[in-house]
Each structure stands twice: as structure tokens, then as C-alpha cells.
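J.: Below is one structure. I have some questions about it.
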Amino acid sequence: MEEFLRIITYIVCISAFVGANLAWLGWVERKGAGRLQRRTALKEVGPFGLLQPLADGLKLMSKQLHVPRDADRPLYMLAPVIAMVPMIMTFVVIPFNEGLVPRDFNMGLLVIFAFAALSVLALLLGGWASRNKYALISASRAVSQNIAYEIPMLLTAITVVMATGTMNLTEIVNQQAGTIIKWNFLRLDNSILMPVSFLIFFVCSVAETNRAPFDLGEAESELIAGFHTEYSGMGFGLFMMAEYGYILIGCCFTTILFLGGWHCPFGFYPGIHWFLIKTYFLIWVIVWIRWTFPRVTVWGLLNLSWMYLIPAALFNLILTGAFLKVF
Amino acid sequence: MSRLAQSQYHETFDINLGPQHPATHGVLRVKLTMDGEYIVKAEPVLGYIHRMHEKMGENRTWAKFLPNPSRMDYLSAMSYNHGHVALVERAAGIEVPERAEYLRVIMVELNRVQSHLLWFGAFLLDLGGFTPLLYAFDDRERILDLLESVTGSRLTYCYFRFGGVYNDLDDEESFKTGTKEFIARLRSRMPMYHNLVTKNIILRKRLEGIGPVSADMCRRYGATGPVLRGSGVQFDIRKNEPYSAYPDFDFDIPVYEEGDSMARYMVRMDEIEQSMRIIEQALDKLPEGPVKAEKVPKMIKPPKNDYYFAVEAARGTFSLRAVSDGTNTPYRLKIRSPTYSNLSLFEEASKGMLLADALAFMGSLDLVIPEIDR
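Just so you know, the sequences run in chain order R and P.
Under our numbering, the first residue of the first sequence is numbered 79, with each subsequent residue one higher.
Under our numbering, the first residue of the second sequence is numbered 10, with each subsequent residue one higher.
Here it is, written out as C-alpha cells:
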């Protein structure tokens, strides 16, 4: 009975946390864009426009979910759902604090990668099923982009696994207990390239979420809206929310693997607040990047991964192995 | 040609870029034959907002055509007005007072800066950078305020009249100080634009070497303006066929040899500075006197002949040719708009390009669709 209650509580809390984030990350982004562009951005609905996400949600839900005539109807309807569900699933293994984790799983890291990899399936299905050439080009771009960036991301994650010797996320965080120099991105005793590793991981998580400057999947000026060109109403809404969801996961995951999870940089009062501070700082960095840089081209994007990130990640992996053997 | 297109097995597909597409900034349609992401053939389809400006010019009196030119290119409307009134002045032999010529030059150059600023923002938007657009609009807004204070309108001006301008400056001092303040402000902001945008590595990768246009290609298609000057040809009507008060001013024609998108970008960025130089000199030297010619006939009836006048608009050479049969309407009015020619080289230049690069290239041509269709 106690176990049952625990599960129910976690489901409710996680859904609430994720839901609130999906809604208000959009607000954060729009306000952030306003800040960077010297304009006010949202201000009409509620104080500081804080109720805007609710108004937007209401609008999206009241819109007709139009299915193009030639679209593959079942797949077309399925794609936004596939975008959302695995995203929420990954939160099962994310430790927010000591003991504050729905399922402390030994393979936590693997679970996140497995579910996050499903996101590309949603983009591909959405692009394919809507039977639109722009959507199809976008879907094929998204697939090649995701493959290219999953590899360096995994390679850097493996260096962390090698250094910590575990795939349990709570254990990985606990090994970084202490001040900032104990955190993985500054653990030069594991490999002197650990900061580079952190950068690679962060760049890859930005690219994985199809965010600017890597937003080739939905390059507005080229492909209109990319894979969700044909989606209206909540179909589009789910894709949008899934994008924010993956940003949230990417930032949580980076915090856990490299930034010491819930530990304080100065070594006192560790707790969930530090976890959230770091995560939201990373999210702000991603927003900042988006509104600062122009978009790269397909070749620029793939070259960055295959020619720089993957060799660097591989080299770092070997170096970590050597360091662990020697010291 | 792309490597893909050369291989034995390939399948092309057609895609319609427009008439409604975020990148074409208007109702331009380009029929693309694509091989994957490579363009095999790009065929611009024009005429979606054809408004028969030439025909309108032919069945109304010369003066009634005054508001039309600014509706063709709404971003450098002043130059278009200037071309039209200068043509009629040449045809009817009307002398323009010097102060009016100076005012015209100031307005046209302010309008040119405004046009280039808007292009700068919209071009970066094409490349996926949203933020510069709002910074450019911030600056542009101040020019529009200045122009509004003089002409009364913000976009489609009708300030010039045959033999002068519609009205003198209401408050010369405040206009002069306002314009000088604006120039000082924009000058201080240009280094910021160059630091944040021009030096951006992603931007350079996307522009350098992309969309090369040779001088020969420009000659064959009749491309003018920054497109031509970005291909290493020093041609500017303001210098080559001086008109109005331009010979009085000291300014340079920026020329870049590379012919790629970056060269066109740099030409426009440099032209902003040159235009500001012209405005400053014109403000300092602004002569006193009337702003309208003494005797302008109510009904203009130019003698039977062919007349031609060309001006340098923000996008290139804008010229008009009028055939007068001695009546109060032109027998034929031919309008040459610069982007029509500039766009025509798109088909040849975009062969084998990636879709993303082709759109960046199209952006660097600075298209204004109503002006292509007229």
C-alpha cells in the first residue's frame, strides 16, 4: 500500500512539474527574447504576462485539429503523442535530490538515452505522415542531425560512466559531493579534457532538441515550420511542449552528469534548490543562444559533429581510459 | 552540379517556394526542382501582385502618376519619386531650385539608409537570426520619424513635385539637429552591428563563397546596384550619370570583388556610411531659397520625343522611359525596376545550390516583390 501511494504521489508530482515547466518555459523564452531584443514581450495577460501560457493553451485546444486529405491519418495523429510520452517517461529516473527520485534505477543513464532517442521517431513520423515536401525534408534533416549528435553525446556520457564507474544517476551525483572542484566538469584528475567534454555534451543536447542555432528541422525561413507545418491546434502544441520538455531533460541531465546535481558549489546546504538553480541557468543559456546566433547550414551542422565533436569525444574517451589506468 | 545530381540514380521532385513562404518576403513564387536538398532548377514565377503601373501611367496625366512610383518599391519610395519627377522635369524643361535638389538628396539618402537597415534585419531573419531585425527596426524607426516630420507619411511618400518639393522644412533647425543626432547614433551603433553580426562565425560561414555572381553574369542579366558592386564593378548612377545635386558631394562607391553574398552584404553596410556622409554634407551646405520652381505649367505637355531618366535606388538602377506624343498623357511609359533584373540571375546562379544557401542568396539580392511585379 505504501509503495502504491508513493507511485501515485510521484506520478502526480512529476506530471505537475513537467506540465508547469512546459507551459512556462514558453513564457521564459518569450520574455527572454524580449529582454535580448529590447522590447517588453508578454505583458497583457496577467501580471508580467504570466497567464499567457494558459490563454495560449486554451486557444490551441479550441482549434480544429485539421488532418490533410492525403495524410497518413493514424501516424499523423500518433506522432505528437510519441513526441510527448517518452519525454515524460525519462523523468522517472531523474534524481532531483538525495532520495527524491521516482525510481532509483541502476541503468538510469541508459533509460534516459533510450527514451530521449525516441524523440526523433516522432519528428520522422510527423514529417512523413503529413505528406508535405517541406515536412519531409525537415524530417530527413532531423534524423541525420539526431544521429550525428547522439554519438558524441553518448561518447561523452561514457567518459562520465567510466570515471564514476556507475550508470546510477544518484550514485553519479553522490560521487560529485562537495565543492565545485569535485564536479565532473572540473574533475581534471579523471581527464584533463573534462571541461571540453562538458561543452560537447551541452552542445549536443542543444542540437538534440532541435534548437537554434541547430534548428534545421524547423528552419522557418527555409521550411516554413518543418515537420509540424501541417499540424494545427494541439497537434502543434504537443510538438512545441515536447521541444521544451527535451530542453528540460537535457538541462537536468547535464546538471546531473557534469554540474554536481543538488550539491552546492561552496559545499553547504545541498538540496533541490541547487539542482533547480543549475537547471534553469542552463535553460536560460539555451534561450540566450537561440536569440543570439543565426542558423547553421546542414553541412555546417553535420561537419561540426562528424569532424570535430566526435573525434574530440573519442579522444577524450581514450584519454579518460588512460588516466584511469595510470592514476 | 551537385554530386548527387551527377550520379546515375537520382530522382528529382518539385517544390513550390511561395507564393506564401516566410523567406520570400512577399508573394514571389519560385518553382524549385530539387534533388534532395540540392536545387536542380529554380524558376521564379512572377506577377502575383501585378498592378499595371505602366498602363496606369499611360492613361492618366503626368501629375496624376505622382503617387504611383512610391507604391512600387515601398522601401525606397523616395528614389522612385525622384526618378519620376526628374523624368518629367527633363521632358518639360523645368528648372529645379537648388534648395529643392538638396532636400531631395537628403530625403533620398535617408530613405536609402532606412531601406538598407530594413534589409539588414530581414536578411538576418532569413538566416535564422531574429534579434538583429528588432535592433535595425529601432534605428529605422527614427528615420521614419524624421521623414514623417517633413513629408507627412512614413512609407509611401509623395513629397516631390515637378519643379521642386511639396513643402519646405517646417522647422529647419530641429530637422537638422534631429538628423545629425540620428547620424551620430547610427555611427556609434554600426561597430556594434559589425562586432555582433558581421564577425559572427556562423554568418561568415553562411555567406562567404555562397552565391557567387560574376561581373559577366551581372552584365548578361542587367543586374545593378549592390549586386553589381558586390561583383567588383564600380557602377553607380549617382557617379556615372550624375543627376540632381550629387556632383556637389564627396562620397565613395563601395565595391567588393568577391561577388559572393558576403560582398553584397558588405556593400550595403558600407553604403549606409556613405549615405550618412552625403546627408551630413547636404545639411551643412543646405542653401536658402525657394523649394519650388517659379513657373510650372498646370497641364504638362512635353514635346513629342523620347525621354529617359535613371536614378540610383537602394536596390539598383531605377529608370523610366517615356514617349510623349505631345498630349497631356504619355504615349508609353516604360519602367525599369532594379530587382526584376537582379532576380533574373537567380535561376542561373542557384543551380546546384543547397536550399538553405539559395535562400540566403535570395536574401542577399534584396528583393522587394511589388517592385518586381509593378
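A virtual CB, placed ideally from N, CA and C, is assigned to each residue, including glycine.
(1) Thinking C-alpha only, which one of 369(R), 337(R), 142(R) and 84(R) is nearest residue 424(R)?
(2) Checking contacts by CB at 8 Å: is residue 46(P) closer than that to chain R?
(3) By how many angstroms is the C-alpha of residue 301(P) removed from the C-alpha of residue 106(P)?
(4) Cutting at 7 Å between CB atoms, please list the residues of its own chain near residue 89(P), excluding the five before and the five after it.
(5) Shorter than 7 Å, the distance from the beta carbon of residue 140(P) to the closest heavy atom of the ligand NAD, or not?
(6) Contact criterion: CB-CB distance below 8 Å. Does residue 114(R) meet it with respect to chain P?
(7) Candidates 73(P), 219(P) and 133(P): which alpha carbon is nearest residue 270(P)'s?
(8) Would you identify the three-state DSSP class for residue 293(P), choosing helix, strand or coil?
(9) Drop a sphere of 10 angstroms on the beta-carbon of residue 109(R), count the other beta-carbons inside from all chains shown, and report buried for 16 or more, exposed for fewer.
(10) Using a Cβ-Cβ cut-off of 8 Å, state whether residue 215(P) counts as contacting chain R.
(11) What residues of chain P sit near residue 286(R), judged by a beta carbon separation below 8 Å?
(12) At what residues does the beta strand (DSSP E) containing residue 6(P) begin and finish?
(13) Along the chain, where does the beta strand (DSSP E) containing residue 164(R) start, and where does it finish?
(14) Does residue 146(R) come within less than 8 Å of chain P when only Cβ atoms are used?
(15) Measuring CB to CB, does residue 305(R) end up less than 8 Å from residue 217(R)?
(16) Identify the contact partners of residue 32(P) in chain R, using a Cβ-Cβ distance below 7 Å as the criterion.
(17) Mind checking which residues open and close the beta strand (DSSP E) that includes residue 50(P)?
(18) For a contact defined as C-beta to C-beta under 7 Å, what are the partners of residue 369(R) on chain P?
(19) Using a beta-carbon distance cut-off of less than 8 Å, what residues from the region 88 to 113 of chain R approach chain P?
(20) Are at least three pairs of beta-carbons, each pair with one atom in the region 362 to 369 of chain R and one in the region 103 to 122 of chain R, less than 8 Å apart?
(21) Where DSSP assigns a beta bridge to residue 24(P), which residues make up the other side?
(22) Compare the C-alpha of residue 163(R) against each of 200(R), 184(R) and 283(R) and name the closest.
(23) Provide the residue span of the beta strand (DSSP E) that contains residue 328(P), from first to last.
(24) Excluding the 5 residues flanking residue 236(R) on each side, which residues of the same chain have their C-beta closer than 8 Å to its C-beta?
(25) For residue 406(R), which option in 87(R), 113(R) and 129(R) has the closest C-alpha, if you only look at C-alpha atoms?
(26) Under a three-way DSSP split, which group does residue 86(R) fall into?
(27) Quick check on DSSP: helix, strand or coil for residue 103(P)?
(28) Which residues of chain P have a Cβ atom closer than 7 Å to the Cβ of residue 375(R), listed in chain order?
(29) Determine the chain R residues that contact residue 24(P) at a beta-carbon separation under 7 Å, and present them in chain order.
(30) For residue 370(P), which residues of its own chain have a beta-carbon under 8 Å away from its beta-carbon, when the five flanking residues on both sides are left out?
(31) Going by the CB atoms, is the gap between residue 307(P) and residue 337(P) shorter than 8 Å?
(32) With respect to the beta strand (DSSP E) encompassing residue 340(P), which residues constitute its N-terminal and C-terminal limits?
(33) By the three-class DSSP mapping on this structure, what secondary structure does residue 68(P) have?
(34) Can you find a C-beta in chain P that's less than 8 Å from the C-beta of residue 117(R)?
(35) Taking contact to mean at least 3 C-beta pairs separated by less than 8 Å, is the region 25 to 38 of chain P in contact with the region 283 to 300 of chain P?
(36) Short of 6 Å in beta carbon distance, which residues of its chain neighbour residue 10(P), apart from the five on each side in sequence? Order them along the chain.
T.: Answer, in terms of the structure:
(1) Absent from the model: residue 424(R). The displayed extent of chain R is 79 to 405, so no value can be given.
(2) Looking up residue 46(P) in the second sequence gives position 37. A Cβ of chain R is located within less than 8 Å of the beta carbon of residue 46(P).
(3) For the purposes of this step, residue 106(P) is identified with residue 97 of the second sequence, where counting begins at 1. For the purposes of this step, residue 301(P) is identified with residue 292 of the second sequence, where counting begins at 1. One C-alpha to the other measures close to 6 Å.
(4) Along the second sequence, read from residue 1 onward, the residue named residue 89(P) stands at position 80. Counting only Cβ-Cβ distances below 7 Å, and skipping sequence neighbours, we find 78, 79, 81, 82, 322 and 327.
(5) Here there are no bound small molecules, and the ligand NAD is not part of this structure.
(6) Locating residue 114(R) in the first sequence gives position 36, counting from the first residue. Residue 114(R) counts as touching chain P.
(7) Residue mapping note: residue 270(P) aligns to position 261 of the second sequence, counting from 1. Of the candidates 73(P), 219(P) and 133(P), 219(P) places its Cα closest to the Cα of residue 270(P).
(8) Here the question's residue 293(P) lines up with position 284 in the second sequence. Looking at residue 293(P) - three-state DSSP - the assignment turns out to be helix.
(9) Position 31 of the first sequence, counting from 1, holds the residue named residue 109(R). Per the 10 Å Cβ criterion, buried.
(10) Counting from one through the second sequence, the residue named residue 215(P) turns up at place 206. So yes, residue 215(P) belongs to the interface.
(11) What you label residue 286(R) is simply residue 208 of the first sequence in a count that begins at 1. Those do not exist, as residue 286(R) stays about 18 Å from chain P at its closest Cβ, beyond 8 Å.
(12) Because chain P in this structure spans residues 10 to 383, residue 6(P) falls outside the shown range and cannot be described.
(13) As a position in the first sequence, residue 164(R) is number 86, starting the count at 1. From DSSP, residue 164(R) is part of no beta strand (DSSP E) but of the alpha helix (DSSP H) over 151 to 167.
(14) The residue you call residue 146(R) lines up with position 68 of the first sequence. Not closer than 8 Å to any Cβ of chain P, the Cβ of residue 146(R) fails to qualify, so no.
(15) The count along the first sequence starts at 1 and reaches residue 305(R) at position 227. The count along the first sequence starts at 1 and reaches residue 217(R) at position 139. In this structure, residue 305(R) places its C-beta atom within 8 Å of the C-beta atom of residue 217(R).
(16) Here residue 32(P) refers to the residue found at position 23 when the second sequence is read from its first residue. The contacting residues are 299 and 300.
(17) The residue given as residue 50(P) occupies position 41 in the second sequence. Start and end: 47 to 54.
(18) By 1-based counting over the first sequence, the position of residue 369(R) is 291. Within 7 Å Cβ-Cβ: 139 and 140.
(19) 111
(20) yes
(21) In the second sequence, residue 24(P) corresponds to position 15, counting from 1. Bridge partners of residue 24(P): 41(P).
(22) Here residue 163(R) refers to the residue found at position 85 when the first sequence is read from its first residue. Among 200(R), 184(R) and 283(R), the Cα nearest to that of residue 163(R) is on 200(R).
(23) Counting from one through the second sequence, the residue named residue 328(P) turns up at place 319. From DSSP, the beta strand (DSSP E) with residue 328(P) extends over 325 to 333.
(24) Mapped onto the first sequence, residue 236(R) falls at position 158. Closer than 8 Å at Cβ, skipping near neighbours: 395.
(25) Since the displayed chain R opens at 79 and closes at 405, residue 406(R) lies outside it and no answer follows.
(26) The residue you call residue 86(R) lines up with position 8 of the first sequence. Three-state DSSP puts residue 86(R) in a helix.
(27) What you label residue 103(P) is simply residue 94 of the second sequence in a count that begins at 1. Residue state, collapsed to three classes: coil.
(28) The residue given as residue 375(R) occupies position 297 in the first sequence. Within 7 Å Cβ-Cβ: 215, 363, 365 and 366.
(29) Translated into the one-based positions of the second sequence, residue 24(P) becomes position 15. Result: 211.
(30) If you number the second sequence from 1, residue 370(P) lands on position 361. These residues qualify, in order along the chain: 219, 220, 270, 355, 358, 359 and 362.
(31) Position 328 of the second sequence, counting from 1, holds the residue named residue 337(P). Position 298 of the second sequence, counting from 1, holds the residue named residue 307(P). The answer is no: Cβ separation not under 8 Å.
(32) In the second sequence, counting from the first residue as 1, residue 340(P) sits at position 331. Unbroken beta strand (DSSP E) run through residue 340(P): 339 to 345.
(33) The residue labelled residue 68(P) in the question sits at position 59 within the second sequence. Coil.
(34) Locating residue 117(R) in the first sequence gives position 39, where the first residue counts as 1. For residue 117(R), the closest Cβ of chain P is nearer than 8 Å.
(35) no
(36) Working through the second sequence from its first residue, we reach residue 10(P) at position 1. The pLDDT assigned to residue 10(P) is 46, lower than 50, so where the model puts this residue is not dependable; a value taken from the coordinates is nonetheless given after this. Cβ within range, chain order: 361.
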